[in-house]
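In what follows, a structure is listed as structure tokens, so that the remarks can point back to it.
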Amino acid sequence: MPSSATRVIQENLADVQCQVADACGRSGRDTAEVRLVAVTKYAEWEWIEALSKLHSDFGENRPQQLAERHQLLPEIHWHLIGQLQRNKVRLALEHASLIHSVDSLRLLNRIAAVAEEMQSRPEVLLQVNISGESSKSGFSATQLLNDWQSVITCSGAVQIKGLMTMAPDSEDPEDARPVFAGLRVLRDELAERSDSVSAGLQIPELSMGMSSDFVTAVEEGATLIRLGSRLFSGLS
Ligand SMILES: *Cc1c(COP(=O)(O)O)cnc(C)c1O
8 MPSSATRVIQ
18 ENLADVQCQV
28 ADACGRSGRD
38 TAEVRLVAVT
48 KYAEWEWIEA
58 LSKLHSDFGE
68 NRPQQLAERH
78 QLLPEIHWHL
88 IGQLQRNKVR
98 LALEHASLIH
108 SVDSLRLLNR
118 IAAVAEEMQS
128 RPEVLLQVNI
138 SGESSKSGFS
148 ATQLLNDWQS
158 VITCSGAVQI
168 KGLMTMAPDS
178 EDPEDARPVF
188 AGLRVLRDEL
198 AERSDSVSAG
208 LQIPELSMGM
218 SSDFVTAVEE
228 GATLIRLGSR
238 LFSGLS
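As structure tokens, then:
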């Protein structure tokens, strides 16, 4: 007999999957291209355990909390989606299966150095500040285009899988559309450059869309959506 938390989470998950499928249908995409990262930063442990029986990709903002939860649920793929300080890089590499939030060349170089020491080749995304808000971290699109050669240089030590962005806070998901479309266009432009400079650097992933705007993000090409409050609504 599933607990009531499990039932609520199951329904929320099914609703989200339906909305993703509809958005894929509208935009001619395959639902298999879209992965859901369940963001657990505000979730109670009981809900996380319930969700872990239904889903295997979870996201956390803080490396410390991610590490603790990874030790409790080691079979889950834990995604780091929040800002990473240089002194937490080792912890993050030990516990995260994908780091979404590499927001500077300096951090990328640090990750590459620590990864070489650890003899691992971690998967990362580069965070881009498409909206240009000063409150948001990340490369600017221009910076990333300029730095692309240096990024490619790191790709021996680090697997760069794609880009991540955050849309401005807004009631209206349509406000996020140009930001999401901008990330896709940038990804395609960088992919084209990579072909000519270093054959083989694939950057398929677009991590974009949260509870309020994931439908728009899927329509614009998201391959990873990061949802917290939507999955746990109706619980308290
Ligand atoms: C908290 C968070 C999310 C999830 O936000 P919800 O609105 O609860 O879906 C997604 N991405 C990042 C980077 C976050 O910090």
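In our numbering, the protein residues as written are 8 to 243. From the three backbone atoms N, C-alpha and C, an ideal C-beta is built for every residue, glycine too. Source: prediction; values computed, not measured.
First and last residue of the uninterrupted alpha helix (DSSP H) at methionine 125: If you number the sequence shown from 1, residue 125 lands on position 118. Per DSSP, methionine 125 belongs to the alpha helix (DSSP H) from 112 to 125.
Please report how far the alpha carbon of glycine 105 lies from the alpha carbon of histidine 86, in whole angstroms. Counted from its first residue, the sequence shown places residue 105 at position 98. Counted from its first residue, the sequence shown places residue 86 at position 79. According to the sequence provided, residue 105 is leucine. The question's glycine does not apply to it. Approximately 5 Å between the Cα atoms of the pair.
What distance in whole Å lies between the Cβ atoms of tryptophan 52 and alanine 12, which are believed to be in contact at a cut-off of 8 Å? Residue numbering aside, residue 12 sits at position 5 when the sequence shown is read from its first letter. Residue numbering aside, residue 52 sits at position 45 when the sequence shown is read from its first letter. With 8 Å as the limit, alanine 12 and tryptophan 52 do not qualify as a contact, their Cβ atoms being about 11 Å apart.
Which residues in the same chain as arginine 128 place their Cβ atom closer than 8 Å to its Cβ, once the five residues preceding and following it in sequence are excluded? Here residue 128 refers to the residue found at position 121 of the sequence shown. These residues qualify, in order along the chain: Ala122, Ala164, Val165, Gln166.
State yes or no: is the C-beta of valine 46 nearer than 8 Å to some heavy atom of ligand 1? In the sequence shown, residue 46 corresponds to position 39, counting from 1. Valine 46 Cβ: within cutoff of ligand 1.
Can you give the beta carbon distance from isoleucine 232 to valine 186, rounded, assuming they're within the 8 Å contact cut? Here residue 232 refers to the residue found at position 225 of the sequence shown. Here residue 186 refers to the residue found at position 179 of the sequence shown. That pair is no contact at about 14 Å.
Cβ-based neighbour list, glycine 145, same chain, cut-off 6 Å, excluding 5 preceding and 5 following: Looking up residue 145 in the sequence shown gives position 138. For glycine 145, the CB contacts under 6 Å within the same chain, skipping 5 residues up- and downstream, are Asp110, Gln134, Val135, Asn136 in chain order.
Span of the beta strand (DSSP E) around isoleucine 106: Within the sequence shown, the letter at position 99 stands for residue 106. Element bounds for isoleucine 106: 105 to 109.
Is aspartate 179 helix, strand or coil by DSSP? Walking along the sequence shown from the start, residue 179 turns up at place 172. Under the three-state reduction of DSSP, aspartate 179 is assigned to coil, being neither helix nor strand.
Going by CA-CA distance only, name the one from Ala99, Gln90, Leu43, Val15 that's closest to glutamine 26. Along the sequence shown, read from residue 1 onward, the residue named residue 26 stands at position 19. Of the listed residues, the one whose Cα sits closest to glutamine 26 is Leu43.
So what does DSSP say about glutamine 92, is it helix, strand or coil? Numbered from its first residue, the sequence shown carries residue 92 at position 85. The three-state secondary structure of glutamine 92, taken from DSSP, is coil.
Quick check: is any heavy atom of ligand 1 less than 8 Å from the C-beta of glycine 169? Reading the sequence shown from its first residue, position 162 is the one you call residue 169. No - ligand 1 has no heavy atom lying nearer than 8 Å to the Cβ of glycine 169.
Across which residues does DSSP place histidine 171 in a beta bridge pair? Translated into positions along the sequence shown, residue 171 becomes position 164. This sequence places methionine at residue 171; histidine is not what is there. The partner list for methionine 171 (beta bridge, DSSP) reads Gln134, Ser214.
Should valine 225 and alanine 30 be called a contact, given that it needs their Cβ atoms to be closer than 9 Å? On the sequence shown, residue 225 is found 218 positions in, with the first residue counted as 1. On the sequence shown, residue 30 is found 23 positions in, with the first residue counted as 1. The Cβ-Cβ distance between valine 225 and alanine 30 falls below 9 Å.
Tell me whether arginine 237 counts as near ligand 1, meaning its Cβ is closer than 8 Å to at least one heavy atom of that ligand. Taking the sequence shown and counting its residues from 1, the one referred to as residue 237 is at position 230. With a cutoff of 8 Å, arginine 237 counts as near ligand 1, since its C-beta is closer than that to a heavy atom of the ligand.
What are the start and end residues of the alpha helix (DSSP H) that includes isoleucine 232? Your numbering for residue 232 matches position 225 in the sequence shown. Premise fails: isoleucine 232 lies in the beta strand (DSSP E), 231 to 234, not in any alpha helix (DSSP H).
Which residues mark the beginning and the end of the beta strand (DSSP E) in which phenylalanine 65 is found? One-based indexing of the sequence shown puts residue 65 at position 58. Run containing phenylalanine 65: 64 to 67, per the beta strand (DSSP E) assignment.
Starting from the Cα of aspartate 64, find the closest Cα among Leu80, Pro175, Arg97, Ser219 and give me that residue. Here residue 64 refers to the residue found at position 57 of the sequence shown. Ranking Leu80, Pro175, Arg97, Ser219 by Cα distance to aspartate 64 puts Leu80 first.
Have a look at valine 23 and valine 96 and give me their C-alpha separation to the nearest angstrom. Stepping through the sequence shown from its first residue, residue 23 is reached at position 16. Stepping through the sequence shown from its first residue, residue 96 is reached at position 89. Rounded to the nearest angstrom, the two C-alpha atoms are 32 Å apart.
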